[in-house]
Amino acid sequence: MKEVFGMWKYTKMVVLVALSAAIFAALLIPFKALVLIPGFTEVRPANAFPVVLGLLFGPAGAWGAAIGNLIGDFFGTLGVGSIFGFTGNFFSAYVPYKLWSKLGLVDEKDEDPLLLNNTKKLINFVVMAIMSSMSCALIIAWGCEVLQLVPFAALATIISVNNTIPSIVLGIPLMLILYPRIKKWDLLWTDIVEEEYLDKKSAMAKVGALLMVVGIVGGFTVGLIAALGLSGQAVFASGFAQGQVGNVGVALLAGIGVALTVIGGFMQK
Amino acid sequence: MEMFLYLDKNTYMHRLDPRTKLIVMLATFAVVLMFKAIPILLGVTLLVIAYGLSGKVLSNLKRIKIILIMINLFSVVIWSIFGKGVTILIGPLTQEGLLYGVATGIKLDVMIIAGMIFLSSTKIEEISMGLQKLKIPYRVAFAFSTAIRLVPMIVGTTYIISQAQRSRGLDLDSGNLVTRIKKYLPLLIPVFISVIRGTNVFAMALESKGFGYSSQRSSYLQIAFKPVDLFLLAVISLLLLGSLYLELVVGW
Chain A
142 MKEVFGMWKY TKMVVLVALS AAIFAALLIP FKALVLIPGF TEVRPANAFP VVLGLLFGPA
202 GAWGAAIGNL IGDFFGTLGV GSIFGFTGNF FSAYVPYKLW SKLGLVDEKD EDPLLLNNTK
262 KLINFVVMAI MSSMSCALII AWGCEVLQLV PFAALATIIS VNNTIPSIVL GIPLMLILYP
322 RIKKWDLLWT DIVEEEYLDK KSAMAKVGAL LMVVGIVGGF TVGLIAALGL SGQAVFASGF
382 AQGQVGNVGV ALLAGIGVAL TVIGGFMQK
Chain B
55 MEMFLYLDKN TYMHRLDPRT KLIVMLATFA VVLMFKAIPI LLGVTLLVIA YGLSGKVLSN
115 LKRIKIILIM INLFSVVIWS IFGKGVTILI GPLTQEGLLY GVATGIKLDV MIIAGMIFLS
175 STKIEEISMG LQKLKIPYRV AFAFSTAIRL VPMIVGTTYI ISQAQRSRGL DLDSGNLVTR
235 IKKYLPLLIP VFISVIRGTN VFAMALESKG FGYSSQRSSY LQIAFKPVDL FLLAVISLLL
295 LGSLYLELVV GW
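First to last, the protein sequences are chains A and B. Its first residue numbered 142, the first sequence is counted upward by one per residue in our numbering. Its first residue numbered 55, the second sequence is counted upward by one per residue in our numbering.
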């Protein structure tokens, strides 16, 4: 996570944070009326952006997604859920750029690793979109479960589906069109920051990536199983069941997933 | 129509230090989250409304009334139907589910109203300055406030691009909602590109004005706690402590 804090010394990265946030917010706001869970989430085609912003602008894209989501909340839905929305959207852009070249689907010698010009890279993008959506869903649903606001199973499933579909359907064409231009303008984050902030190919980084994957997939799955089993919740809208939100087991298991995701991020220097 | 919620009025609330208003908002979230009893939640709602009235910012309720109503309806309907209470009212509706739904709806609405009061009485530059005074780094606060200022510009750019495409014959108005969304999505790419293309120039302009030259920055806008801020902070601290006592000791 060194680059997450170190990037602020680069003026261009600060500008990219502001522009990413503004674009994300500007696309979130018009859909605020198409509510899925009032006060928590709505139909969000703008969710195509965090994965793309993360891959292109790295930590600037992650901060941009987080701040953009907060600004979107300023238009009528600012509440305690905004804290988890900020963190969840940060991770939805952070996870893709941290894991992009660590799952073995992208050739390490590829000079254009982000150019979606073969099936393996397309599959990698789809996997990143799913991981990004699951991380966002895990963090927000865990936070709302802890605060006893919305059941984990309902929110986690709705957010993950709501994020995954636009990330894949719109994200791939966006990436295909934007990547060559952003690269030509020298605005890829890897072209802006110094070597010390780029991912090292160390054993520690690999373990960190593995922890992150285990944290996201494990936390989401185990949290969901616990929510469905331990506290008898149900997925999607059926998951709203009185008295079952705020289950300690669900909060603990999903919380371990959140913790592993964060620790995995810190280990990937 | 003005995109943002800020209302330019000369009230004590508008003159409060932004940190005070931020703390009041966060304390409201905390108090609301502590209780499940409807009478207490209604009491907190009245307090929040009185606070909003004192700052003459409740006219913005008109702008978010649909959201507030939808939250309440959704919460009551969903929790009543899917809640597993034991006292059946009609069909799948249970008394316990209904009461829980009403309480959750009030909680969410109060938090959103508290957020609205904060945004209606605080300028963007004041929020940015408040964040800096709370030890958020200047560059983070700058990115935050710049992003907020850029939103109307991006909306404007989207409008210009959509008008340009209309003039070339693109039909954006026919079809159902999904079809119309599909038609708008390709317009995102020129919007994104036109905004991002300015990054290099924007960064150069900032640096030519000395952005990041010194960590000790001066500002035209100065904020400081005044007696009214301290009074309000004392009141909110007492309310918070009282709520903690009721929740932890009395067990309400």
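We put the CB at the ideal spot given by N, CA and C, even for glycine.
Legend entry - Own chain residues within Cβ distance below 6 Å of Pro307/A, not counting five before or after: Start at 1 with the first residue of the first sequence, and residue 307/A comes out as number 166. Contacts found: Pro186, Asn188, Ala189.
Inset, instruction - Under the assumption that Gly205/A contacts Leu196/A (Cβ atoms under 8 Å), give the Cβ distance between them as a whole number of angstroms. - result: Here residue 205/A is taken as the residue at index 64 of the first sequence, counted from 1. Here residue 196/A is taken as the residue at index 55 of the first sequence, counted from 1. The Cβ separation is near 12 Å, so there is no contact.
Legend entry - Enclosing alpha helix (DSSP H) for Leu311/A [first to last residue]: Within the first sequence, numbered from 1, the residue matching residue 311/A stands at position 170. Run containing Leu311/A: none; DSSP gives neither H nor E here.
Inset, instruction - Would you kindly check if the distance between the Cβ of Ser273/A and the Cβ of Pro171/A is under 8 Å? - result: By one-based count along the first sequence, residue 171/A stands at place 30. By one-based count along the first sequence, residue 273/A stands at place 132. No, the Cβ-Cβ distance between Pro171/A and Ser273/A is not below 8 Å.
Inset, instruction - State yes or no: is the beta carbon of Gln383/A nearer than 8 Å to at least one beta carbon in chain B? - result: Within the first sequence, the letter at position 242 stands for residue 383/A. Residue confidence is low: Gln383/A scores 43 on pLDDT, short of 50, so the model does not pin down where it sits. Its coordinate-derived value is still stated next. Answer yes: the Cβ-Cβ gap between Gln383/A and chain B drops below 8 Å somewhere.
Legend entry - Contacting residues, own chain, Cβ-Cβ under 6 Å from Asn114/B (five flanking each side not counted): For the purposes of this step, residue 114/B is taken as the residue at position 60 of the second sequence. These residues qualify, in order along the chain: Leu59, Met170, Ser174.
Inset, instruction - Output the distance between the C-alpha atoms of Pro208/B and Val245/B, rounded to the nearest integer angstrom. - result: By one-based count along the second sequence, residue 208/B stands at place 154. By one-based count along the second sequence, residue 245/B stands at place 191. Reading off the sequence shown, one finds Ile at residue 208/B, where the question assumed Pro. C-alpha separation (whole angstroms): 7 Å.
Inset, instruction - Would you mind telling me which residues of chain B sit closer than 8 Å to Ile366/A, beta carbon to beta carbon, in chain order? - result: Residue mapping note: residue 366/A aligns to position 225 of the first sequence, counting from 1. Below the 8 Å Cβ cutoff, chain B contributes no neighbours of Ile366/A, its closest Cβ being approximately 19 Å away.
Inset, instruction - Determine the DSSP secondary structure at Gly190/B, reduced to helix, strand or coil. - result: The residue labelled residue 190/B in the question sits at position 136 within the second sequence. In the sequence as presented, Gly is not what sits at residue 190/B; that position holds Ile. Looking at Ile190/B - three-state DSSP - the assignment turns out to be coil, as it is neither helix nor strand.
Inset, instruction - Identify which residue in Gly398/A, Glu144/A, Asp248/A has its Cα closest to the Cα of Val355/A. - result: As a first step, residue 355/A is located in the first sequence; it is residue number 214 there, counting from the start. Selected option, being the one with the closest Cα: Gly398/A.
Inset, instruction - Please state whether DSSP places Leu194/A in a helix, a strand or coil. - result: For the purposes of this step, residue 194/A is identified with residue 53 of the first sequence, where counting begins at 1. In the structure shown, Leu194/A sits in a helix (DSSP, three-state: H, G or I).
Inset, instruction - May I ask you to report which of helix, strand or coil DSSP gives Ile21/B? - result: No information on residue 21/B is available, as it lies outside the stretch 55 to 306 that chain B covers here.
Inset, instruction - For Val282/B, return the contacting residues in chain E, with the cut-off set at a CB-CB distance below 9 Å. - result: Annotation note: the requested chain E is absent from the structure, which comprises protein chains A and B.
Inset, instruction - Determine the chain A residues that contact Phe89/B at a beta-carbon separation under 8 Å, and present them in chain order. - result: For the purposes of this step, residue 89/B is identified with residue 35 of the second sequence, where counting begins at 1. Simply none; closest approach about 11 Å.
Legend entry - Phe83/B burial status per 10 Å Cβ neighbour count (16 or more: buried): Against the second sequence, residue 83/B aligns to sequence position 29. It counts as buried.
Inset, instruction - Starting from the C-beta of Gln383/A, find all residues in its chain whose C-beta is less than 8 Å away, skip the five residues before and the five after it, and write them out in chain order. - result: For the purposes of this step, residue 383/A is identified with residue 242 of the first sequence, where counting begins at 1. Any reading at Gln383/A must be qualified, since the residue scores a pLDDT of 43, below 50, and its modelled position is unreliable; no value is offered.
Inset, instruction - Confirm, please, whether the CB-CB distance from Val389/A to Ala368/A is below 8 Å. - result: As a working note, residue 368/A is residue 227 in the first sequence. As a working note, residue 389/A is residue 248 in the first sequence. No, the pair does not count as a contact, with Cβ atoms beyond the cut-off.
Legend entry - Option in Ile404/A, Phe361/A, Met408/A with minimal Cα separation from Leu393/A: By 1-based counting over the first sequence, the position of residue 393/A is 252. Considering only alpha carbons, the answer is Phe361/A.
Legend entry - Any C-beta of chain A under 8 Å from that of Gly106/B: Translated into positions along the second sequence, residue 106/B becomes position 52. Under the Cβ distance rule, Gly106/B does not count among the residues neighbouring chain A, no pair being separated by less than 8 Å.
Inset, instruction - Would you please verify whether the beta carbon of Trp330/A is less than 8 Å from any beta carbon of chain B? - result: Counting from one through the first sequence, the residue named residue 330/A turns up at place 189. At a cut-off of 8 Å, the C-beta of Trp330/A has no neighbouring C-beta in chain B.
Inset, instruction - Out of Arg193/B, Val86/B, Lys189/B, Ser182/B, state which residue places its alpha-carbon closest to the alpha-carbon of Val164/B. - result: Start at 1 with the first residue of the second sequence, and residue 164/B comes out as number 110. Sorting Arg193/B, Val86/B, Lys189/B, Ser182/B by C-alpha distance to the C-alpha of Val164/B places Val86/B at the top.
Inset, instruction - Would you be able to state if there are at least three C-beta pairs under 8 Å between the region 316-331 of chain A and the region 207-225 of chain A? - result: Of all C-beta pairs linking the region 207-225 of chain A to the region 316-331 of chain A, fewer than three are shorter than 8 Å, placing the two stretches out of contact.
Inset, instruction - Please state whether DSSP places Leu319/A in a helix, a strand or coil. - result: The sequence position of residue 319/A within the first sequence is 178, counting from 1. Of the three classes helix, strand and coil, the one that applies to Leu319/A here is helix, per DSSP.
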